[in-house]
Amino acid sequence: MSTVKRINRFSLIEMLAVIGLVGILMNMALLFYYKSQKINSKYTDKAVQIKSVSVVSKYLRSFVHGNGETFMVKPDKVVFNNGSVIAMDNNRLVFTAGGVDKSFALPKGFAVTFALENSQGEPPRIVMNVNMLNSKDQLQLNKYTRIAACVEGGAQ
Amino acid sequence: MKTEKQFHLRFYLMPEMIFALGLLMILTVCFFATTNTIQRMDKSFTDESCGLMVVDNTLERLEHKKQYNVEDVKRIFLDEYEKSGIKDRTKMLAGFTPKPDGAMLAIVKNNGKPLIEVQIKCQQ
Numbered sequence: 001m002s003t004v005k006r007i008n009r010f011s012l013i014e015m016l017a018v019i020g021l022v023g024i025l026m027n028m029a030l031l032f033y034y035k036s037q038k039i040n041s042k043y044t045d046k047a048v049q050i051k052s053v054s055v056v057s058k059y060l061r062s063f064v065h066g067n068g069e070t071f072m073v074k075p076d077k078v079v080f081n082n083g084s085v086i087a088m089d090n091n092r093l094v095f096t097a098g099g100v101d102k103s104f105a106l107p108k109g110f111a112v113t114f115a116l117e118n119s120q121g122e123p124p125r126i127v128m129n130v131n132m133l134n135s136k137d138q139l140q141l142n143k144y145t146r147i148a149a150c151v152e153g154g155a156q
Numbered sequence: 001m002k003t004e005k006q007f008h009l010r011f012y013l014m015p016e017m018i019f020a021l022g023l024l025m026i027l028t029v030c031f032f033a034t035t036n037t038i039q040r041m042d043k044s045f046t047d048e049s050c051g052l053m054v055v056d057n058t059l060e061r062l063e064h065k066k067q068y069n070v071e072d073v074k075r076i077f078l079d080e081y082e083k084s085g086i087k088d089r090t091k092m093l094a095g096f097t098p099k100p101d102g103a104m105l106a107i108v109k110n111n112g113k114p115l116i117e118v119q120i121k122c123q124q
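The listed protein sequences correspond, in order, to chains A and B.
According to the numbering used here, the first sequence is numbered sequentially starting from 1.
According to the numbering used here, the second sequence is numbered sequentially starting from 1.
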């Protein structure tokens with residue numbers, strides 16, 4: 001009685017096909033994971049941005065109304081005649097009045113710029129644009145939310 | 001006594017292969033469809049947030065004017081709409097309707113439904 005052992009032998013083509021398929025599947029899994037993480041992080045930040053805008057707009061307006069006329073408005077800083085300051089500091093929006101700081105953390109991927117606008121027959125207003133940043137941390141000038149706050153006591 | 005061990009090759013049938021590939025494709029399509037939906041949803045929320053800010057900024061500017069009439073309301077509202085940038089990146093429109101005792105401001109979504117409507121009492 002003979003003992004016969006038959007062993008499955010895969011051809012080189014089959015082995016390469018299996019390796020290739022496993023590679024493709026692993027890459028797809030990695031891609032799905034990476035994309036999901038990226039989307040999740042991006043939209044969490046955007047949701048925070050929408051929420052931040054609603055919170056910051058109220059605070060900005062009451063701060064601007066309460067501090068009177070502005071002395072200087074730069075893209076990253078607003079200084080009022082009474083010494084109060086609104087400034088960006090490492091992705092935090094800092095409101096300083098009477099030596100007391102209050103700061104709002106902005107979501108990652110967003111930045112704030114300020115501008116002073118004047119229109120005929122209206123008081124001057126401080127405009128804060130909450131801009132999105134691109135992957136190189138540059139402002140995306142077409143993607144922003146605009147918040148206007150009128151300066152109390154400004155000439156009409 | 002069985003001394004012979006037989007190893008059988010296991011083949012997959014064509015229907016099994018087709019089913020597995022079909023399942024993989026469905027999962028892939030579902031993944032990208034969900035991603036796409038989330039992106040559209042997010043864009044819609046962002047646009048709506050900007051649309052609301054247009055009306056909010058208009059009201060802020062009107063609140064600080066000593067007097068205003070329908071023409072002032074229209075000018076300020078359209079100015080805010082222009083400067084908000086939503087005109088370029090969305091299909092939302094600004095609607096202004098004069099009323100007997102004031103004006104109606106509206107931001108209209110691309111499906112024709114208003115996102116927000118505000119009635120303001122003012123002089124003609």
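A virtual CB, placed ideally from N, CA and C, is assigned to each residue, including glycine.
For clarity, every value in this text was computed on a predicted model and none was experimentally measured.
For residue 39(B), the enclosing alpha helix (DSSP H) begins and ends at 14-63. Taking C-alpha positions only, residue 127(A) is separated from residue 52(A) by approximately 16 angstroms. Ranked by Cα distance from residue 90(A), the first of 100(A), 74(A), 97(A), 109(A) is 109(A).
Counting every other CB atom within 10 Å of its CB across the protein chains shown gives residue 50(B) a total of 16 or more, marking it as buried.
By the neighbour-count criterion, in which a residue is buried when 16 or more other Cβ atoms sit within 10 angstroms of its Cβ, residue 144(A) is buried. Using a Cβ distance threshold of 8 angstroms, residue 55(B) and residue 116(B) count as a contacting pair.
Residue-level contact by beta carbon holds for residue 144(A) and chain B, with a gap shorter than 8 angstroms. In the structure shown, residue 96(A) falls within a strand segment according to DSSP collapsed to helix, strand and coil. The beta carbon of residue 40(B) does not come within 8 angstroms of any beta carbon belonging to chain A, so the residue lies off that interface. Counting along the chain, residue 74(B) sits inside the alpha helix (DSSP H) bounded by residues 70-84.
Counted as a single uninterrupted DSSP element, the alpha helix (DSSP H) harbouring residue 26(A) occupies residues 12-67. The beta carbons of residue 107(A) and residue 49(A) sit closer together than 8 angstroms. Relative to the Cα of residue 73(A), the nearest Cα in the group 131(A), 119(A), 113(A) belongs to 113(A).
Residue 105(A) and residue 148(A) have their C-alpha atoms some 20 angstroms from each other.
Within 10 angstroms of the beta-carbon of residue 19(A) lie fewer than 16 other beta-carbons, which makes it exposed. Excluding its 5 nearest sequence neighbours in each direction, residue 77(B) has C-beta neighbours in its own chain below 7 angstroms: 58, 94, 96, 105, listed in chain order. DSSP places residue 143(A) in the strand class (E or B) of the three-state scheme. For residue 43(A) against residue 42(B), the beta-carbon gap comes to about 5 angstroms, under 8 angstroms, which counts as contact.
Per DSSP, the unbroken beta strand (DSSP E) holding residue 88(A) starts and ends at 85-89. Contact of residue 44(B) with chain A by beta-carbon distance below 8 angstroms is absent, the smallest such distance being about 11 angstroms.
Taking residue 118(B) as reference, the option from 84(B), 62(B), 83(B) with the minimal CA-CA separation is 62(B). In its chain, beyond the 5 residues on either side, 65, 68 have a beta carbon closer than 7 angstroms to the beta carbon of residue 152(A). Contact annotation for residue 43(A) against chain B: 38, 42 [CB-CB distance below 7 angstroms, chain order]. Here residue 122(A) is buried. Its C-beta has 16 or more other C-beta atoms within 10 Å. Ranked by Cα distance from residue 112(B), the options 92(B), 18(B), 98(B) are led by 92(B).
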